[in-house]
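To keep things clear, I will list the structure first and then write my remarks on it.
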Amino acid sequence: MNFLNVDDTAIHYRTVGMVPGKPVIAFVNSLGTDFRIWDSVMHELGDTYAYVLHDKRGHGLSGAGVTPYTIETHAHDLLALLDHLKIEKVIVWGLSVGGLIAQSLAITRPERITALILSNTAHKIGTAEMWNARIDAIKADGLARLVDPVMERWFTPAFRRSDNPLYAGARTMLARQSAEGYSGTCAAIRDADYTEAVTHIAAPTLCVAGDQDGSTSPDLVRTMADRIPGSRFVEIADCGHIPCLEQPKAYAAAVANFLRHLSFTNSAASVGDRYSQGMVTRRAVLGDAHVDRASALATTFDQPFQRLITESAWGTVWSSDRWTKRDRSNVTIALLAALGQYEEMAMHVRATANTGASEDDIREALMHVAIYAGVPAANHGFKIAKQVLADRNASSAQKEQTT
């Protein structure tokens with residue numbers, strides 16, 4: 000077990016897969032849970048990412064410290080942990096109150112945030128009267144009487160089955176939380192209002208809702224998404240407030256789809272880190288099969304060149320977080336067409352299956368080529384792109400017919 004003293008309490012934490020070059024996801028738990036709720040999500044995402052997990056103060060094995068808390072107190076704890084682990088930039092994935100903590104970090108320390116996943120949360124959750132009533136109930140009777148009403152908001156009826164051991168485990172997890180830590184965090188949620196501040200969030204952001212969430216409805220999550228510039232919204236079907244327990248496969252897939260279109264880097268990365276990051280990005284864009292073929296064909300003669308492009312093109316330019324992979328894909332296709340590098344252009348058109356660039360994007364890129372680099376170059380570019388896209392669409396159709 001790992002613990003870090005932060006001010007007045009010990010924070011329980013865990014790290015998974017911490018290898019140089021991997022983007023890091025920092026999970027932030029919901030109210031009344033501990034970091035074990037993320038186990039299935041990490042399994043689904045695999046080793047593409049490294050992970051930092053911690054129990055908020057007053058939860059799990061972390062100490063309670065001085066209550067009541069603020070969201071900023073919880074954000075400070077996470078930042079102290081990241082500093083301790085020497086992690087400069089992270090993808091922050093916050094669930095419920097964890098989403099408020101993630102918002103606080105994105106607002107106050109935007110330079111530390113690569114991307115945000117704001118899940119089953121909002122810029123403001125509930126009313127002061129509601130949270131005060133809950134705090135008073137806990138003071139009077141402890142957590143026991145709240146467990147079943149909370150379960151109804153957390154999970155769908157289909158999940159709340161007596162023969163579902165995961166549901167039984169979730170009930171036990173909530174019942175065993177510290178009443179002091181739970182009510183202290185209720186106060187933090189009560190006092191948090193980022194309605195105006197979220198309009199200044201600049202990090203790429205995905206907002207996730209459960210279609211049957213009884214705590215933060217899809218409409219509430221969508222309202223938050225509408226306030227965050229450029230954010231995306233996704234709704235998980237047949238899901239309540241805790242998708243990492245109820246629908247981990249669909250939940251992880253939605254987030255993975257969002258993240259694969261982004262680039263992650265540390266500007267102070269070493270050359271070795273740039274090579275590792277370059278391989279991660281190169282595989283994400285071109286696909287494992289292409290990179291494996293290129294690696295198999297490399298000899299001692301061209302190996303230095305392969306390393307050069309992995310470090311510079313893929314580990315530096317393509318891994319910069321200033322543009323998305325979609326942006327870089329469009330620009331690269333236009334440049335290669337303008338220069339008459341049609342073989343390379345075809346490779347990057349194929350790669351749009353991974354970067355998120357659409358057929359409309361490719362067409363617009365080639366229209367710019369026609370105006371700024373000449374009609375003949377664009378004409379041949381269209382010819383190449385049409386063939387690649389037709390082959391890809393035919394292959395997809397064939398796969399659908401055989402499944």
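Residue numbering for the sequence shown follows numbering that gives the first Met the number 0, starting at 0 and increasing by one per position. Just so it is clear, CB atoms sit at the ideal spot from N, CA and C, and this is done for glycine as well. Quick caveat: nothing in here was measured; it's all calculated off a predicted structure.
Quick check: what's the CA-CA separation for residue 345 versus residue 385? 10 angstroms
Using a Cβ-Cβ cutoff of less than 8 angstroms, which residues in the same chain neighbour residue 246 once the five nearest sequence positions on both sides are dropped? 209, 235, 236, 237 and 238
What did DSSP end up calling residue 433 once you bin it into helix, strand or coil? There is simply no residue 433 to check, as the chain begins at 0 and stops at 402 in what is shown.
How about residue 190 and residue 66: are their beta carbons less than 8 angstroms apart? no
Suppose the cutoff is 7 angstroms on Cβ atoms and the five residues either side in sequence are ignored; what does the same chain contact list for residue 33 look like? 54, 58, 59 and 172
Assign residue 176 to one of two classes, buried (16 or more other C-beta atoms within 10 Å of its C-beta) or exposed (fewer than that). buried
Three-state class that DSSP yields for residue 299 in the structure shown: coil
Return the CA-CA distance between residue 335 and residue 355, expressed in angstroms with no decimal places. 18 angstroms
Hey, out of 256, 161, 122 and 225, whose CA is closest to residue 215's CA? 122
Within 10 Å of its beta-carbon, does residue 338 have 16 or more other beta-carbons around it, so buried, or fewer, so exposed? exposed
Rounded separation between residue 21 and residue 45 - CA only: 12 angstroms
What is the DSSP secondary structure of residue 304, reduced to helix, strand or coil? helix
How many whole angstroms separate the CB atoms of residue 50 and residue 15, which I take to be in contact at a CB cut-off of 8 angstroms? 4 angstroms
Taking residue 94 as the reference, which of 225, 357 and 250 has the closest Cα? 250
Look at residue 153 and residue 241 and say whether their C-beta atoms are less than 8 angstroms apart. yes
Which ranges would you report for the alpha helix (DSSP H) in the region 49-99 if only whole runs of at least 4 residues count? 70-83
Let me check understanding here. Comparing Cα to Cα, which of 315, 125, 194 and 371 lies closest to residue 103? 194
Report, in whole angstroms, the separation of the C-beta atoms of residue 127 and residue 100, which I expect to be a contact under 8 angstroms. About 19 angstroms; that fails the 8 angstroms criterion.
Where do the ends of the alpha helix (DSSP H) carrying residue 250 lie? 247-258
Out of curiosity, what's the CA-to-CA distance linking residue 267 and residue 97? Reliability of the predicted coordinates at residue 267 is poor, the pLDDT of 38 falling under 50, and no value is obtained from them.
Helix, strand or coil at residue 349 [DSSP, three-state]: helix
Near residue 390, what residues of its chain come up, given a Cβ to Cβ distance below 7 angstroms and the 5 sequence neighbours on each side ignored? none
From the DSSP output, in three-state form, read off residue 108 for me. coil
Assuming residue 377 and residue 368 form a contact by the criterion Cβ under 8 angstroms, report the distance between their Cβ atoms to the nearest whole angstrom. 4 angstroms
Pick out whichever of 324, 19, 18 and 27 has its Cα sitting closest to the Cα of residue 12. 27
Consult DSSP for residue 27 and reduce its assignment to one of helix, strand or coil. strand
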